[in-house]
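K.L.:
Residue numbers (our numbering): 3 to 228.
#1: Please give the ranges of any alpha helix (DSSP H) in the stretch 146-174, keeping only runs that are unbroken, at least 4 residues long and fully inside the region.
#2: DSSP on residue 126, reduced to helix/strand/coil?
#3: Can residue 162 and residue 135 be called in contact, C-beta distance under 8 Å?
#4: Nearest to residue 70 by alpha carbon, out of 57, 141, 82?
#5: Could you give the DSSP three-state label for residue 141: helix, strand or coil?
#6: Please report the straight-line C-alpha distance between residue 179 and residue 66, rounded to a whole angstrom.
#7: Determine whether the beta carbon atoms of residue 155 and residue 189 lie at a separation below 8 Å.
#8: With a threshold of 8 Å, are at least 3 pairs of Cβ atoms found where one atom belongs to the stretch 76-90 and the other to the stretch 112-126?
#9: What residue does the beta strand (DSSP E) around residue 87 start on, and which one ends it?
#10: Kindly give me the distance between the Cβ atoms of residue 59 and residue 73, rounded to whole angstroms, as I take these residues to be in contact under 8 Å.
#11: Could you give the DSSP three-state label for residue 58: helix, strand or coil?
#12: Let me confirm a value: residue 193 is counted as buried when at least 16 other C-beta atoms fall within 10 Å, else exposed. Which label applies?
#13: Measure from the alpha carbon of residue 145 to the alpha carbon of each residue in 99, 184, 110, then state which is nearest.
#14: Going by the CB atoms, is the gap between residue 175 and residue 243 shorter than 8 Å?
#15: Between residue 62 and residue 96, what straight-line distance do the alpha-carbon atoms span, to the nearest angstrom?
#16: Mind checking which residues open and close the alpha helix (DSSP H) that includes residue 183?
#17: Quick one: residues in its chain with C-beta nearer than 6 Å to the C-beta of residue 150, no 5 flanking neighbours on either side, listed in chain order?
#18: How many Å lie between residue 54 and residue 64 at the Cα?
#19: Thinking residue 68 and residue 169 are a contact (beta carbons under 8 Å), I'd like their distance in whole angstroms, please.
Here's what the structure looks like:
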């Protein structure tokens with residue numbers, strides 16, 4: 003009995019290398035357009051912040067000298083409300099601003115934020131709801147680069163401009179790794195409403211799990227942040 007030769011299996015389908023290259027080339031212009039749009043958007047908001055008088059002050063917690071500086075700054079801008087995101091304990095903060103003669107009615111303290119990204123995500127919708135289009139941002143000079151990038155993305159997503167006021171610290175600027183990490187988290191928040199806190203913790207420790215955990219709940223203000 004003659005055996006029939008086995009039918010050859012058809013080769014697995016795959017795109018020719020030339021076609022894959024063509025697809026990659028088509029994606030590059032889209033990526034460039036997206037990056038250019040982001041740069042132009044940030045540039046436009048920067049110009050707006052320079053020409054639009056700030057209507058509030060945002061102080062980022064993390065160092066008591068920021069609030070001490072902000073108290074003196076508030077004396078020079080008597081009409082602006084002061085927002086402090088996860089700053090010093092209320093007793094110390096009240097004493098600092100009281101010594102500077104700042105009315106408690108001007109101070110808004112919020113302790114929901116747990117890091118620099120959430121300094122902004124917890125308060126941005128409050129500012130928007132109050133019709134605030136531009137703010138002064140106060141933080142330490144070594145922290146300002148990261149804070150400004152985050153602020154441009156998060157606040158910019160609501161059309162709010164930022165004018166920076168750096169507090170001298172005598173320290174070197176933070177690493178670019180932190181800036182890139184938190185910029186990515188900020189974009190994630192704009193797109194999904196999620197701050198990516200759990201992912202940030204793994205990255206901080208130099209570890210990534212085999213399967214990424216679900217990201218932390220969104221830190222967004224619904225009526226009223228570090």
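Beta carbons: idealized from backbone N, C-alpha and C, even for Gly.
P.N.:
According to the structure shown:
#1: none
#2: In the chain shown, counting from the first residue as 1, residue 126 sits at position 124. DSSP places residue 126 in helix when its eight states are reduced to three.
#3: As a working mapping, residue 162 is identified with position 160 in the chain shown. As a working mapping, residue 135 is identified with position 133 in the chain shown. For residue 162 and residue 135, yes; Cβs fall inside 8 Å.
#4: As a first step, residue 70 is located in the chain shown; it is residue number 68 there, counting from the start. For residue 70, the nearest C-alpha among the options comes from 141.
#5: Translated into the one-based positions of the chain shown, residue 141 becomes position 139. Three-state result, residue 141: strand.
#6: In the chain shown, residue 179 corresponds to position 177, counting from 1. In the chain shown, residue 66 corresponds to position 64, counting from 1. About 25 Å.
#7: Residue mapping note: residue 155 aligns to position 153 of the chain shown, counting from 1. Residue mapping note: residue 189 aligns to position 187 of the chain shown, counting from 1. Taking 8 Å as the Cβ cut-off, residue 155 and residue 189 qualify as a contacting pair.
#8: yes
#9: Here residue 87 refers to the residue found at position 85 of the chain shown. Where residue 87 is concerned, the enclosing beta strand (DSSP E) stretches over 84-87.
#10: In the chain shown, counting from the first residue as 1, residue 59 sits at position 57. In the chain shown, counting from the first residue as 1, residue 73 sits at position 71. Incorrect: roughly 11 Å between the Cβ atoms, too far for contact.
#11: As a working mapping, residue 58 is identified with position 56 in the chain shown. In the structure shown, residue 58 sits in a strand (DSSP, three-state: E or B).
#12: As a working note, residue 193 is residue 191 in the chain shown. Classification for residue 193: exposed.
#13: Here residue 145 is taken as the residue at index 143 of the chain shown, counted from 1. Comparing Cα-Cα distances from residue 145 to each of 99, 184, 110, the minimum goes to 184.
#14: Limits of the chain in this structure are 3 at one end and 228 at the other, which puts residue 243 out of reach.
#15: In the chain shown, counting from the first residue as 1, residue 62 sits at position 60. In the chain shown, counting from the first residue as 1, residue 96 sits at position 94. Rounded to the nearest angstrom, the two C-alpha atoms are 16 Å apart.
#16: Mapped onto the chain shown, residue 183 falls at position 181. Residues 178-194.
#17: Taking the first residue of the chain shown as 1, we reach residue 150 at position 148. Excluding sequence neighbours, residue 150 sits near 166.
#18: Taking the chain shown and counting its residues from 1, one reaches residue 54 at position 52. Taking the chain shown and counting its residues from 1, one reaches residue 64 at position 62. Spanning the two alpha carbons is a distance of roughly 28 Å.
#19: Residue 68 sits at position 66 when you count from the first residue of the chain shown. Residue 169 sits at position 167 when you count from the first residue of the chain shown. Cβ-Cβ separation between residue 68 and residue 169: approximately 5 Å, consistent with a contact (criterion under 8 Å).
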